[in-house]
Amino acid sequence: DAGVIQSPRHEVTEMGQEVTLRCKPISGHNSLFWYRQTMMRGLELLIYFNNNVPIDDSGMPEDRFSAKMPNASFSTLKIQPSEPRDSAVYFCASSRAGGAAGELFFGEGSRLTVL
Amino acid sequence: AQSVTQLGSHVSVSEGALVLLRCNYSSSVPPYLFWYVQYPNQGLQLLLKYTSAATLVKGINGFEAEFKKSETSFHLTKPSAHMSDAAEYFCAVSEGYGGATNKLIFGSGTLLAVQP
Chain C
266 DAGVIQSPRH EVTEMGQEVT LRCKPISGHN SLFWYRQTMM RGLELLIYFN NNVPIDDSGM
326 PEDRFSAKMP NASFSTLKIQ PSEPRDSAVY FCASSRAGGA AGELFFGEGS RLTVL
Chain R
8 AQSVTQLGSH VSVSEGALVL LRCNYSSSVP PYLFWYVQYP NQGLQLLLKY TSAATLVKGI
68 NGFEAEFKKS ETSFHLTKPS AHMSDAAEYF CAVSEGYGGA TNKLIFGSGT LLAVQP
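For the protein sequence lines, the chains are C and R, in the order given.
Residue numbering for the first sequence follows our numbering, starting at 266 and increasing by one per position.
Residue numbering for the second sequence follows our numbering, starting at 8 and increasing by one per position.
What follows is the structure, encoded as structure tokens:
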């Protein structure tokens, strides 16, 4: 079984540019999570979806961030415009809602550097 | 609101020595608790979890953790460290009653170094 697939693995961009991060969850999983990891703030939950519907986006830092899940097999996290403080590793994770409690499967992350 | 606190951002042990990584939780409802491990340049993977059954939980790679309600703790241990255990370890609590959601609140992490 393929795991959670994220792309790109690394992205370097300039301040003000739009960034789109992509995630393909594990087939059959119906919950999807976007986390951000930085040295200063650790792991922060940005948003999560159940059955493609956003349930909790209270962690999204500001309006520059948006996330979509148009179908069960794809999600995007967009930052527009990007700023240097957005530099971080962004993780996507998926799980079975109502299944094994708390067992999230993480992708390998997208490392974003905003210059 | 639930939260977890990991004591010690860096722990160093010798190969073969006991590993003890500390985690204390705060929760107004019976918590579901987890330990995840992150190897360099990888995502997190589940080591073990407590979901209100046995208080001593065994996980992968020889790790185990004991839920102690009286101490609000869920410390991670391994009797004998191996070089391959060097990684960052995260304690987490599931938000909501009985793990009602899979929304996890993570601690700040403990980086484990294993010296030869």
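Here a beta-carbon is modelled for each residue, glycine too, at the ideal position from N, C-alpha and C.
Whole-angstrom C-beta distance between residue j and residue i, which should lie under 8 Å
{"i": "Ser375/C", "j": "Glu283/C", "result": "With a Cβ gap of about 14 Å, Ser375/C and Glu283/C do not count as contacting."}
{"i": "Val121/R", "j": "Ala88/R", "result": "5 Å"}
{"i": "Gly69/R", "j": "Leu54/R", "result": "Not a contact, Cβ separation roughly 10 Å."}
{"i": "Glu95/R", "j": "Leu111/R", "result": "With 8 Å as the limit, Glu95/R and Leu111/R do not qualify as a contact, their Cβ atoms being about 15 Å apart."}
{"i": "Leu311/C", "j": "Met325/C", "result": "5 Å"}
{"i": "Ser34/R", "j": "Gln9/R", "result": "4 Å"}
{"i": "Pro123/R", "j": "Met90/R", "result": "7 Å"}
CB contact below 8 Å: residue i versus chain R
{"i": "Tyr355/C", "result": "no"}
{"i": "Phe371/C", "result": "yes"}
{"i": "Ser272/C", "result": "no"}
{"i": "Gly466/C", "result": "For residue 466/C there is no data in the structure shown, the boundaries of chain C being 266 and 380."}
{"i": "Gly368/C", "result": "Note on identity: in this sequence residue 368/C is Glu, with Gly being the wrong assignment. Chain R, which has a Cβ nearer than 8 Å to the Cβ of Glu368/C, makes this yes."}
{"i": "Asp321/C", "result": "yes"}
{"i": "Leu311/C", "result": "no"}
{"i": "Ser296/C", "result": "yes"}
{"i": "Gly281/C", "result": "no"}
{"i": "Leu286/C", "result": "no"}
{"i": "Leu308/C", "result": "yes"}
{"i": "Ser360/C", "result": "yes"}
Sequence-distant residues of its chain with Cβ nearer than 8 Å to residue i (five each side left out)
{"i": "Leu380/C", "result": "Val277, Thr278, Glu279, Met280, Pro349"}
{"i": "Gly307/C", "result": "none"}
{"i": "Ala99/R", "result": "Val11, Leu40, Phe41, Trp42, Tyr43, Leu111, Ile112, Phe113, Gly114"}
{"i": "Ala24/R", "result": "Ser87, Ala88"}
{"i": "Gly293/C", "result": "Arg361"}
{"i": "Ile270/C", "result": "Cys288, Lys289, Gly372"}
{"i": "Ala20/R", "result": "Before going further, note that residue 20/R is Val rather than Ala in the sequence given. So the list reads Val26, Ala88, Leu119, Ala120, Val121, Gln122, once near-sequence residues are dropped."}
{"i": "Ile291/C", "result": "Asp266, Ala267, Gly268, Val269, Ser359, Phe370"}
Short CB-CB distance (under 8 Å) between residue i and chain C
{"i": "Lys65/R", "result": "no"}
{"i": "Lys110/R", "result": "yes"}
{"i": "Phe81/R", "result": "no"}
{"i": "Phe97/R", "result": "yes"}
{"i": "Gln9/R", "result": "no"}
{"i": "Phe41/R", "result": "yes"}
{"i": "Lys76/R", "result": "no"}
{"i": "Lys85/R", "result": "no"}
{"i": "Gly15/R", "result": "no"}
Residues sharing a beta bridge with residue i, DSSP
{"i": "Thr278/C", "result": "Val379/C"}
{"i": "Gly307/C", "result": "Thr303/C"}
{"i": "Pro319/C", "result": "Phe314/C"}
{"i": "Tyr96/R", "result": "Val44/R, Thr117/R"}
{"i": "Lys343/C", "result": "Thr285/C, Ser331/C"}
{"i": "Ser296/C", "result": "Asn315/C, Ser360/C"}
{"i": "Glu126/R", "result": "Outside the shown range of chain R, which is 8 to 123, sits residue 126/R, and nothing can be said about it."}
{"i": "Ile270/C", "result": "Lys289/C"}
{"i": "Gln13/R", "result": "Cys30/R"}
{"i": "Ser4/R", "result": "Missing from the structure shown is residue 4/R; chain R here goes from 8 to 123 and no further."}
{"i": "Asn336/C", "result": "Phe339/C"}
{"i": "Ala88/R", "result": "BP columns for Ala88/R are empty, so no partner."}
{"i": "Ala353/C", "result": "Leu377/C"}
Residues of its chain near residue i, where Cβ-Cβ distance is below 7 Å and the 5 sequence neighbours each way are ignored
{"i": "Ala353/C", "result": "Arg301, Gln302, Thr303, Leu377"}
{"i": "Thr285/C", "result": "Thr341, Lys343"}
{"i": "Lys76/R", "result": "none"}
{"i": "His82/R", "result": "Leu27, Leu28, Arg29, Cys30, Ala72, Glu73"}
Cβ-based neighbour list, residue i, same chain, cut-off 6 Å, excluding 5 preceding and 5 following
{"i": "Arg287/C", "result": "Ser272, Thr341"}
{"i": "His17/R", "result": "Leu118"}
{"i": "Tyr46/R", "result": "Ala94"}
{"i": "Pro346/C", "result": "Gly281"}
{"i": "Asp351/C", "result": "Ile344, Val379"}
Residue i at chain A interface by Cβ criterion, 8 Å
{"i": "Leu28/R", "result": "Absent from the structure: chain A. Protein chains present are C and R."}
Minimum length 3: unbroken beta strand (DSSP E) runs contained in the stretch 18 to 66 of chain R: Listed in chain order, they are 26 to 33, 40 to 45, 51 to 57, 63 to 65.
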